[in-house]
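As structure tokens, the structure follows; a few thoughts come after it.
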Amino acid sequence: MASGPFSAHYWSAVEAISPKDARAVQSERLKEQLAYLAAHSAFYRAKFAEHGVDVTKVRTVEDLAGLPFTEKQELRDSLTAAPPLGNHVAADQADIVQIQASSGTTGSPSYVGLTRSDIDVWCDLGARALYANGFRPGDRLLHGFGMSKGFVGGIPVVQMAQYMGIVDIPIGAEAGADRLLRVQADQRPSALIGTPNFLAHLAEQAPSIVGLPAHELGVRAISVGGEPGGGLPAVRNKLETLWGATSREMLGGTDIACIYWGECEAGDGMHFLSPDLMVAELIDPDTDELIEPVEGAQGELVYTALRRQASPLLRFRTRDHVVVTGTDCACGRTGYKVRCIGRTDDMLIVRGINLFPSAVKQLVSELAPAATGEMRIRADFEGHSTQRPLPLVVEHADGLTAEQQSELRTTIEQRVRSALNVKTVVDLVPDGTLKRPDHVKVALIERVNS
């Protein structure tokens, strides 16, 4: 159990150390982690031999650039070849006390083993992010992520909350809006966690289910993640207005840890908070070259775990694409800030233009109240590329005249064309037509027969 936050501003003193000191810590711990991999991981011993890597020659974090990436498919193959935890497991079975599974949205679930030490590391990583998000010891937390299927938004978040001295009420999104809202009305927890779209949906249902608007239900701080979009101004404003609370974003993933980026009160991107426990590199996804994380830079995040025992990963390619929103902050944290704009799996190519669905979502959300903010890209083509205009289905608000609907349709098509250089064909549908989110991540792309 953690003793508590380092200060009123940060969970850990590491969050505010100088970049030079952070590099020194990372370099020392990287050497230790590489020696551990060479001694304990059959997967990485084979990988080092294949690529001619001598781990004793890696002295600094800068030397990472000469080491091979670890791809998601390699982990799938490793799990298949040597169940239950693959050839990349690097701890004795007797020391593994927990196994988590990914959501499996891009294939078979990945399984990740945890030792007691690994759980402590995950908890400290998450505590730094959730503290930045506004959660505090003594809070009660309504758990709006899914609690089932071994998802890391379930039990690991409960463990993080308990580590922070927070009381987690583990209802879970699977329980549905009715159950969650009744618990919120009865217990009045001050903190709320879940995906942004589901929590907005939850707030919209409050008056009909518990007879009160969400902003009268006692929530002070909201942490959102699990899908891109929580940091979009229109989405954030909607959540904060509905709940009468702060809404900040966090980011993580199953393979490397659970939560490890967190947005502070400045609200303009998620800080990298843990140079002592992991290395985050930014690369060009097309050339694999390193990108300096300066304001405005875009690229794919690549992670190396430090101080990891059971399922450690070296230069793991996440396929998460981010834009760097800043390198300093009034809060005093020294880690650069990012906003996740999507995943490689989500990216579409429309007449040669790369497009992330979250960018379209932002433009549509800004048209409230004429549009509800719900939209789907109805992909009528195979794969991720099309030469035709992109079909969009967008909900309009109740009460719009035919003329107002026509104006809204034209406005959406013009805004997308102007901002993203992509031509669309918009089909307007009434409020409530599109399926609302539940405990499953919202898919902004719907596949139809081409």
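Residue numbers (the UniProt record's numbering): 1 to 450. Virtual Cβ for every residue (Gly too), placed ideally from N, Cα, C.
Whole angstroms are fine: how far does the CA of residue j sit from the CA of residue i?
i: GLN26; j: ASP63; result: 12 Å
i: LEU125; j: ALA257; result: 8 Å
i: GLY229; j: GLU32; result: 37 Å
i: LEU434; j: ASP398; result: 14 Å
i: THR70; j: GLY194; result: 29 Å
i: GLN298; j: GLU292; result: 9 Å
i: ARG248; j: SER102; result: 23 Å
i: THR344; j: ILE353; result: 14 Å
i: HIS9; j: CYS331; result: 8 Å
i: ASP118; j: GLU403; result: 59 Å
i: LEU202; j: LYS361; result: 19 Å
i: LEU239; j: PHE198; result: 10 Å
i: GLU289; j: ARG236; result: 33 Å
i: ALA81; j: ASN87; result: 7 Å
i: residue 524; j: GLY231; result: Nothing about residue 524 can be read from this structure; the chain reaches only from 1 to 450.
i: THR325; j: LEU273; result: 15 Å
i: ALA221; j: ASP268; result: 16 Å
i: VAL422; j: ARG317; result: 28 Å
i: GLU174; j: ARG182; result: 14 Å
i: ARG415; j: LEU363; result: 7 Å
Under the three-state reduction of DSSP, which class applies to residue i: helix, strand or coil?
i: GLY299; result: strand
i: GLY342; result: strand
i: GLU28; result: helix
i: ASP427; result: strand
i: SER7; result: coil
i: THR80; result: helix
i: MET164; result: helix
i: THR325; result: strand
i: SER223; result: strand
i: LEU412; result: Per the sequence shown, residue 412 should be read as Ile rather than Leu. DSSP places ILE412 in helix when its eight states are reduced to three.
i: ILE96; result: strand
i: GLU289; result: coil
i: VAL89; result: coil
i: VAL158; result: helix
i: ILE209; result: helix
i: ILE171; result: coil
i: ILE283; result: strand
i: PHE151; result: coil
i: GLY52; result: coil
Relative to the ligand NAD, is the shortest distance from any of its heavy atoms to the C-beta of residue i smaller than 7 Å?
i: HIS321; result: You won't find the ligand NAD in this model; it holds no ligand whatsoever.
Assign residue i to buried or exposed, taking buried as 16 or more other Cβ atoms, counted over all protein chains shown, within 10 Å of its Cβ.
i: LYS20; result: exposed
i: ALA419; result: exposed
i: GLN184; result: buried
i: PRO84; result: exposed
i: LEU143; result: This sequence places His at residue 143; Leu is not what is there. Counting Cβ neighbours within 10 Å, HIS143 comes out buried, since at least 16 surround it.
i: ARG339; result: buried
i: GLN100; result: buried
i: GLU300; result: buried
i: VAL14; result: buried
i: PRO189; result: buried
i: ALA39; result: exposed
Among all the DSSP beta bridges, which residues are the ones paired with residue i?
i: TYR111; result: ALA101
i: GLY262; result: MET250, HIS271
i: ASP320; result: ARG343
i: ILE445; result: ILE377
i: LEU192; result: LEU142, ILE222
i: MET278; result: ALA305
i: THR70; result: PHE316
i: GLU395; result: VAL429
In the region 332-391, which residue ranges form an unbroken beta strand (DSSP E) of at least 3 residues, counting only runs that do not cross its ends?
337-343, 348-350, 353-355, 371-379
In the region 227-258, which residue ranges form an unbroken beta strand (DSSP E) of at least 3 residues, counting only runs that do not cross its ends?
246-251
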